[in-house]
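Quick note: the sequence shown, position 122, residue 122 per the working numbering, numbers continuous.
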Amino acid sequence: MMTVKEILDAKGDKVWTIGPDAKVIDALKLMADKRVGALVVVEKGCVVGVFSERDYARKVVLEGKTSKDTPVKDIMTSPVYGVRRESTAEECMALMTNKHIRHLPVCENDKLLGVVSIGDVVKSIMTEQKITIENLQNYIMGKYV
Ligand SMILES: NC(=O)c1ccc[n+]([C@@H]2O[C@H](COP(=O)([O-])OP(=O)(O)OC[C@H]3O[C@@H](n4cnc5c(N)ncnc54)[C@H](O)[C@@H]3O)[C@@H](O)[C@H]2O)c1
């Protein structure tokens with residue numbers, strides 16, 4: 001079973017973060033620049049929220065706010081659901097599905113070690129399934145041919 005540690009080994013452990021008092025427009029610029037769909041919101045070394053494209057889509061214009069005047073803390077999602085390096089891809093997928101979220105910070109002893117997105121998790125599950133299918137095909141070929 002693929003773990004978060006293996007996902008991070010493949011994609012890297014760099015995490016793009018922002019402070020809670022930064023303006024939404026600056027968060028959007030950083031997300032566009034780094035080509036990510038979410039930022040982990042960190043204050044004094046602690047994860048206090050996640051700011052995602054979905055937070056922007058649903059909580060700014062629709063609520064009469066502007067990205068220039070609104071701080072990230074006003075629309076970020078909090079509290080944050082996180083995972084550990086030992087968590088499995090299936091556990092991540094279950095958490096994402098049940099909580100309707102797409103990004104999970106990876107933490108251990110209050111230390112931020114990475115972030116996994118729904119795309120990372122789907123990719124790892126598909127890779128795992130492909131390997132299982134190949135193994136089964138090899139087994140069948142070996143047995144019946
Ligand atoms: N081919 C791949 O390996 C792969 C992996 C993930 C996503 N994708 C594609 O990217 C698109 C969007 O993906 P998504 O919905 O999963 O979300 P996303 O756009 O937020 O994630 C894209 C990548 O950026 C990383 N990322 C996101 N936020 C980050 C942050 N704050 N700090 C560091 N890294 C961060 C994710 O872990 C993921 O690897 C989809 O089209 C998906 O298919 C491809």
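The beta-carbon is built from N, C-alpha and C at its ideal position, and this holds for glycine as well.
Closer than 7 Å: residue i CB and nearest ligand 1 heavy atom
i, result
"S87", "no"
"L113", "no"
"L39", "yes"
"K14", "yes"
"R58", "no"
"S36", "Checking the displayed sequence, the identity of residue 36 turns out to be Val instead of Ser. V36: yes, Cβ under 7 Å from ligand 1."
"R102", "yes"
"V80", "no"
"I118", "yes"
Identity of the residues DSSP links to residue i by a beta bridge
i, result
"A38", "S52"
"K111", "E108"
"H103", "S117"
"E43", "C46"
Cβ pair residue i, residue j closer than 8 Å
i, j, result
"V4", "V80", "no"
"D13", "L95", "no"
"V40", "S67", "no"
Query raised in the report: Would you call the segment 126-137 and the segment 101-109 touching, i.e. three or more CB-CB distances under 8 Å?
Result: no
Query raised in the report: Would you call the segment 52-68 and the segment 3-20 in contact, with 3 or more CB pairs under 8 Å?
Result: no
Query raised in the report: Between the segment 58-77 and the segment 86-94, do three or more beta carbon pairs fall short of 8 Å?
Result: Contact fails: fewer than three Cβ-Cβ distances are below 8 Å.
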